[in-house]
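Visitor:
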Amino acid sequence: MADGIDAQRVDFIAVPVEDRDRAARFYEDALGLARNPNSTDTWVEFETGNVTLALVDPKTAGQEFVPLPFGSIVLRVPDVDVARAKLQEAGVEVVGETWDSGVCNGAVFKDSKGKGLCVHRRYAPYADGTQP
Amino acid sequence: MEVQRVDYVRVPVTDMEAANHFYGELLGLERNPNSPGDDWVEYEAGNVTLAVMTPHTHEYEFTALPPATIAFRVTDVEEAKAKLESAGLEVNEVWDSGACKGAGVSDPAGNRILLHRRYAPYPDGTTP
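Sequences listed follow chains E and C, in order. Under our numbering, the first residue of the first sequence is numbered 1, with each subsequent residue one higher. Under our numbering, the first residue of the second sequence is numbered 1001, with each subsequent residue one higher.
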């Protein structure tokens, strides 16, 4: 299997939610993401620019709700401090201090249940000189 | 708040060697040369980066992603399932939603991922 199964791209990231309507308002209003017009009453998608997030209620598939693990989806923002302030203004709890790895900074914030989302900005160029 | 894109999706694992084999060789994803270390290896999945990493070396405990968090687009779900089975993996039965097909498989850490293909056009007539 030299090239494996040739996975071409990620069609969507499923975000487990307990209340799809409430979650949709959060993704639309607090995060400012665009709702995909192909969404239906039972399948709601948001576009982030490069990959689709699908809000999925696990109960509809007979599964228990489990939140995303810590820092799963890392959203690129122009400025982490600005994003952090805006989230807090919108009543969203940001977890801990903004971290700085030396090449990027970020902050994890809470959706209704988990700590699965993070705002992030790489400020250092990559080894080849390019920048995000 | 202005979200520009998803920089990466964190894929928590417990064994980097097994994970590198799965994501690099079995799924056929390209390893990003900018990966910062042996316990944080980034793979390019076409439109988004996956950061395959070990929580236990990053000061928190491993928890698997919820089932079918990441849906990978493949050309043909049955063919992908057969290839992974020939490599010794167990793949769930293929489902068909009426617009797309999918089959679940576990990575070595127990993250349930989805092999996925939409075959129906969208309402505007375009196809994936």
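For each residue, glycine too, the CB sits at the ideal point set by N, CA and C.
Please list the residues of the stretch 66-96 of chain E that have a C-beta atom closer than 7 Å to any C-beta atom in chain C, keeping them in chain order.
Guide: V66, L68, P69, F70, G71, S72, I73, V74, L75, R76, V77, P78, A83, K86, L87
Visitor: Looking only at its chain, what residues have a beta carbon closer than 8 Å to the beta carbon of I73(E), apart from the 5 residues adjacent to it on each side?
Guide: I13, V15, L53, G116, L117, C118
Visitor: Return the residue from the list A1051(C), E1030(C), E1025(C), T1069(C) that minimises the CA-CA distance to G1037(C).
Guide: A1051(C)
Visitor: Excluding the 5 residues flanking V23(E) on each side, which residues of the same chain have their C-beta closer than 6 Å to its C-beta?
Guide: The identity of residue 23(E) in the sequence shown is Ala, whereas the question assumes Val. Hits under 6 Å: V17, L55.
Visitor: Whole angstroms are fine: how far does the CA of T1063(C) sit from the CA of P69(E)?
Guide: 6 Å
Visitor: Would you verify that the beta carbon of G62(E) is, or is not, closer than 8 Å to some beta carbon of chain C?
Guide: no
Visitor: Take A1018(C) and list the residues in its own chain whose beta-carbon comes closer than 7 Å to its own, dropping the five residues that flank it on each side.
Guide: P1108
Visitor: Do V10(E) and F1072(C) come within 8 Å of each other at the CB atom, strictly closer than that value?
Guide: yes
Visitor: For a contact defined as C-beta to C-beta under 8 Å, what are the partners of N105(E) on chain C?
Guide: What N105(E) touches in chain C: nothing, since even the nearest Cβ is about 12 Å away.
Visitor: So L1050(C) is in the beta strand (DSSP E); what residue range does that whole segment cover?
Guide: Boundaries of the beta strand (DSSP E) harbouring L1050(C): 1049-1053, taken from the DSSP string.
Visitor: Note down the Cα distance separating R20(E) from E45(E), rounded to an integer number of angstroms.
Guide: 11 Å
Visitor: Hey, does R1031(C) have any beta-carbon neighbour from chain E nearer than 8 Å?
Guide: Not an interface residue.
Visitor: Check whether chain C comes within 8 Å of G129(E), counting only Cβ atoms and requiring the distance to be less than that.
Guide: No, because no Cβ of chain C sits closer than 8 Å to the Cβ of G129(E).
Visitor: At what residue ranges does the stretch 1042-1100 of chain C contain a whole run of the beta strand (DSSP E), taking only runs of 3 or more?
Guide: Whole beta strand (DSSP E) segments, 3+ residues: 1049-1053, 1070-1073.
Visitor: Which word fits H120(E), buried or exposed, when buried means at least 16 other C-beta atoms lie within 10 angstroms of its C-beta?
Guide: buried
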